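FYI, in the UniProt record's numbering the residues of the sequence shown are 1 to 498. We put the CB at the ideal spot given by N, CA and C, even for glycine. Model, not experiment: these values are computed from the prediction. Worksheet: one structure, shown below.
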Amino acid sequence: MPLTDWLLARSHWSTPVRSGVPLNRQLFDDIRDAILAGHLTGGTRLPPTRELARDLGIARNTVLYAYERLTDEGYTQTHGGSGTYVGYTAPDPALVASMVNVGQLGHPMLANDQARLSQRARELLANVGASDLQAGAFVPGIPDVGQFPRSVWQRLITKVWKTANAEQLGYGSRHGHPPLKRALAEYLTLARGVDCSPEQIIVTQGSHQAIDLCARLLADPGDQVWVEDPCYWGARSIFRAAGLKMDSLPVDQHGIQLPTSAGEPPRLIFVTPSHQYPSGVVMSLPRRRLLTELAQRHRAWIIEDDYDSEFRYQGVPLPSLQGLDPHHNTIYVGSFSKVLYPGLRLAFLIVPPELVDAFSVAQSELHRGGQLSVQAALAEFIADGHYAAHVRKMRKIYGERQVLLTKELQQQLGEEIDIVGTDTGLHLTVKLRQANDHLVSRCALAHGIVARPLSSYFACQQNTQNGLVLGYGGVSNEEIAPSVGKLAHAIQLVRSSS
Ligand SMILES: Cc1ncc(COP(=O)(O)O)c(C=O)c1O
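Okay, here's the thing in structure tokens:
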């Protein structure tokens, strides 16, 4: 779509109402958005200033000022007197973050607004990790929701609603619908080797809420939590907001590297042992043993985030750490986001028996529970075998996508990258040999591809790695090759301009 039409499609250019933001700033923002969203690709010529001013009904100086600023900030280039052209790499990370957040770049908050926020909120906003873009190539952690068995689900929801009693439409009192807990305990014992009774399960609205409960109930502000480096941004945000001190420990081919010397003991240890996020490393058995022994020695709780390990493509399925822990210090966090769909917002904790009451009461005090009718439908979905069947079906689909993506990456980018962490989950990681990952990420985004920079997941400079995290769960087979083509183009552009 030509730029003028794109701008006119935005209501503030087609109506006379204007916010308090100067027009030249609005125009700059909108053209920058168009570039970052890929509506204007590298090399596109912007309309002449006089023409755009006429079409939008604004002063030419306004356009001149916006164009100048775009050029100053590297979004566009001027070639002599021949006009203004969209550049190939977007500039400053903070500016990119203000449009589309692609990885720990901070959130756009006006300085005035920040003044009235808590310190905790300011720290949260300065370290935002979630992407605004949640679909398409190669957003990590997104399942193919088009494959979800809607008709079965619809039938179960309708059935539940026909008989839903007052209790099922209330808050609930046992922190999860008992039939769901029974179905889950049975399934997880077989599929994930967990050691639990249904009573140990606390249903939550997503893993974030589950991890947040652990942070609030098992540690106090200022307490130490060991996290993996690289680490899932969501866990970091939760621990930061809870006022915990994070000690970021490097990850090698066996998983988190644990300090054996004396130091401040942790209260919590957060790990992703079945599929380290985002590196893809699987924690070895000796490392698991060392971890459970150290946790026992320090009287620390281990939080095991088992977010996507149902999708394992090579080797035998790995049992959970929770089932292996002889000291029962491990709290298991599971989620339905990757197997079913993220918007369901259902996850669960498996806590040791002595924590059940505390977690149940706190969950009710802080979050109230509810969603029992959905839980009832899910209980039947699991008990009737639909869940296991869906896992089997999706494992095959994702396995094919992983092979296809790996093949395309090798063919189109073999000289530029090393691929790691392919045997589980919905994403893989590539290490970039030459090109800078933040630059590639921004340039790829300008071409409509999300490729999160691997370095943005690291807290310590000495551990950091240069690469990209590429999700393939929500990318159709047909999209894979052209999307890798766009990524290869972005890498080429970054390489040729550096
Ligand atoms: C490592 C990890 N843990 C947890 C989650 C979030 O799960 P939920 O949707 O249940 O909050 C994600 C989502 O991408 C993840 O990557």
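His390 sits in a helix when the DSSP states are folded into three classes. With distances taken between CA atoms, Gln492 lies nearest to Val440 out of Val440, Ser476 and Asn477. Short of 6 Å from the beta carbon of Pro352, and not among the five residues preceding or following it, lie these beta carbons of its own chain, in chain order: His328. Shortest gap from the CB of Arg345 to any heavy atom of ligand 1: under 8 Å. By the Cβ criterion, the segment 136 to 147 is not in contact with the segment 235 to 248, since fewer than three pairs of Cβ atoms, one from each stretch, lie closer than 8 Å. According to the DSSP assignment, His427 belongs to no alpha helix (DSSP H) but to the beta strand (DSSP E) extending over His427 to Leu432. Under the 8 Å Cβ criterion, the segment 402 to 419 does not count as touching the segment 167 to 184, having fewer than three qualifying pairs.
DSSP lists no bridge partner for Val139. Between Tyr387 and Val339, the C-beta gap is smaller than 9 Å, which places the two residues in contact. Here the alpha carbons of Ala444 and Val356 stand approximately 46 Å from one another. Distance from the Cα of Gly170 is smallest, within the candidate group Ser82, Arg368, Val86 and Gly334, for Arg368. It is roughly 31 Å from the alpha-carbon of Gln134 to the alpha-carbon of Val316.
Collapsing the DSSP output to three states places Ile480 in a helix. Secondary structure note for Ile331: its beta strand (DSSP E) is the uninterrupted segment Thr330 to Ser335. Between Val203 and Gln322 a beta carbon distance of about 17 Å is seen, past the 8 Å cut, so the two are scored as non-contacting.
With a threshold of 16 other beta carbon atoms within 10 Å, Asp384 falls short and is exposed.
Remark: the C-beta of Pro230 is outside contact range of ligand 1, defined as less than 8 Å to any heavy atom. Under the three-pair Cβ rule at 8 Å, the segment 80 to 88 counts as touching the segment 34 to 46.
At a Cβ-Cβ threshold of 9 Å, Gly243 and Asp220 count as neighbours.
Between Gly467 and Ile419, the alpha-carbon positions lie close to 9 Å from each other.
Asp305: member of the beta strand (DSSP E) spanning Trp301 to Asp305, first to last residue.
Taking 8 Å as the cut-off, the C-beta of His208 counts as close to a heavy atom of ligand 1. DSSP places Ala347 in the strand class (E or B) of the three-state scheme. Assignment of Arg267 by DSSP, reduced to helix, strand and coil, places it in the coil class. By the Cβ neighbour-count rule, Asp72 is exposed, with fewer than 16 other Cβ atoms within 10 Å of its own.
If you check the C-beta of Pro259 against ligand 1, you find no heavy atom less than 8 Å away.
Taking a 10 Å sphere around the C-beta of Pro22, we find fewer than 16 other C-beta atoms and assign the residue as exposed. Close CB contacts of Arg236 within its chain, under the 8 Å cut and outside five residues either way in sequence, are with Asn127, Gly129, Val227, Met246 and Ala459 (chain order). DSSP places Gln209 within a helical segment (H, G or I) once states are collapsed to three.
Distances from the CB of Lys338 to the heavy atoms of ligand 1 include at least one below 8 Å.
Ligand 1 has a heavy atom closer than 8 Å to the beta-carbon of Asp305. By the beta-carbon neighbour count (other beta carbons within 10 angstroms, threshold 16), Gly222 is exposed. With contacts defined by Cβ atoms closer than 9 Å, Phe270 and Arg395 do not form a contacting pair. Take the alpha-carbon of Val281 and the one of Gly74: they are about 37 Å apart.
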